[in-house]
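Before any comments, here is the structure.
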Amino acid sequence: MLSRRKIHNWRILKGQPLTELDKRMLYLQEHGHLVPTRELIKTPEQIEGIRRSGVVNTGVLDLVAQEIKEGMSTAAIDKLVYEYTKDHGAIPAPLNYEGFPKSVCTSINEVVCHGIPSEKEILRDGDIINVDVSTILDGYYSDASRMFMIGNVSPEKRRLVEVTKECLQIGMEAAKPFGYVGDIGHAIQKHAEKNGYSVVRDLCGHGVGLEFHEEPEVCHFGRKGTGMVLVPGMVFTIEPMINMGRYQVYIDADDNWTVLTDDGLPSAQWEHTFVMTDSGLEILTY
Ligand code: MF3
Ligand code: CO
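Heads up, the sequence shown is in the working numbering, so the first residue is 3 and it goes up one at a time.
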């Protein structure tokens, strides 16, 4: 049995009466649950800022959806993303993030995520590609990705893309106010494995909004009732990466970014940014 060290994330505000939320958080953390820090609970104003960022982010993905086609380079997708984002007064969050050289991640077939757009990489008939777009508007971050199918995609890859989209939906529905981050991963893992697929372990969803990557880490596998308590006002992504074969991945040593499946089989991913409300998750990147 692992001993649970109590983490006192929730601090009371000096000289102010305890709110109902304070009492609930203090009780939970006293009983060994991991609660968020106060800073992870976004104010209504911050949520509106993230929502506005999400509107631009969705506009980018809608533009990509219109333009993407066989024969196009992933660098051309990057250009669309960069220009649309700039034209809307925003900044592509990936650009120069920890040295990432482009404005968007483009991940084809066995590339799991963090693919770097290139002039030399051309979309082919039968490819599946994840386009992962993240936007900073007025300092607020949003993050979402979609899969696109190029031409005639095999039924096997089609099914992977569809089941991965279901995983995102099922993960979203599993997230309840005052539930746990682990509830999300548990639901996603169950659905993926039931369909004969595996869940990538090494990359997870994340808190987002005031920074690109905040707490909590939102893994797409795990156990119910574990991890951080989900409190209304928390904003985070769910972004399951589901592999057709085994879950193991590696990073391309040439660019130190591109994540690929070990077994060379395809991988798919869908992502939204969500805010927890009193009745469940609301999507901020529609
Ligand atoms: N959207 C990715 C995520 O959810 C971020 C990739 S941007 C990169 O974390 F710059 F880190 F590649
Ligand atoms: Co993300």
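C-beta: ideal position from N, C-alpha, C; glycine also.
In this text, all values refer to a predicted model and were calculated from it rather than measured experimentally.
For residue 119 against residue 146, the beta-carbon gap comes to about 17 Å, at or over 8 Å, which does not count as contact. A distance criterion of 8 Å places the beta-carbon of residue 251 beyond contact range of the ligand CO, judged by its closest non-hydrogen atom. In the three-state scheme derived from DSSP, where H, G and I count as helix and E and B as strand, residue 139 is classed as strand.
Shown here for residue 103: same chain residues with a beta carbon closer than 7 Å to its own, the five before and five after excluded, namely 118 in chain order.
Within the DSSP secondary-structure output, residue 148 pairs in a beta bridge with 133. Following the DSSP letters along the chain, one finds residue 59 inside the alpha helix (DSSP H) bounded by residues 46-69. Straight across, the Cα-Cα distance linking residue 254 with residue 112 is about 12 Å. At the C-beta level, residue 222 and residue 236 stay beyond 9 Å of one another. Straight-line measurement puts the Cα of residue 51 at about 26 Å from the Cα of residue 149.
Residue 211 holds the alpha-carbon nearest to the alpha-carbon of residue 275 among 35, 61, 85, 211.
Looking at the DSSP output, residue 278 bridges to 283. Per DSSP, the beta bridge partners of residue 36 are 230. Counting C-beta pairs with one atom in each stretch, the region 81-96 and the region 169-188 have fewer than three that are closer than 8 Å, which means they do not touch. Between the ligand MF3 and residue 204, a heavy atom-to-CB distance of less than 8 Å is absent. Placement of the Cβ of residue 99 at a distance of less than 8 Å from at least one heavy atom of the ligand MF3 is found. Taking residue 201 as reference, the option from 114, 142, 85 with the minimal CA-CA separation is 114.
The closest CA to that of residue 251, considering only 257, 262, 241, 167, is found on 262. A direct Cα-to-Cα measurement between residue 266 and residue 248 gives close to 9 Å.
Residue range 76-89 is occupied by the alpha helix (DSSP H) that includes residue 82, with no beta strand (DSSP E) assigned at that position.
Within the model, the alpha-carbon separation for residue 184 versus residue 232 is close to 10 Å. Taking each of 188, 264, 166 in turn and checking the Cα distance to residue 228, the smallest one comes out for 188. Between the ligand CO and the CB of residue 153, the shortest heavy atom gap is not smaller than 8 Å. Residue 283 and residue 49 have their alpha carbons spaced roughly 13 Å apart. Secondary structure of residue 94 (DSSP, three-state): strand.
For the beta strand (DSSP E) assignment, the uninterrupted runs of no fewer than 3 residues enclosed by the region 175-220 are, from N- to C-terminal side, 207-209, 216-220. In this structure, the beta-carbon distance from residue 92 to residue 137 falls below 9 Å. In the DSSP assignment, the residues bridged to residue 271 are 243.
Cβ contact annotation for residue 238 (same chain, cutoff 7 Å, sequence separation greater than five): 207, 208, 209, 210, 218, 220, 276, in chain order.
In this structure, residue 87 sits near residue 62, with a CB-CB distance shorter than 9 Å. For residue 155, the three-state secondary structure derived from DSSP is coil. In the three-state DSSP reduction, residue 288 falls in the coil class, being neither helix nor strand.
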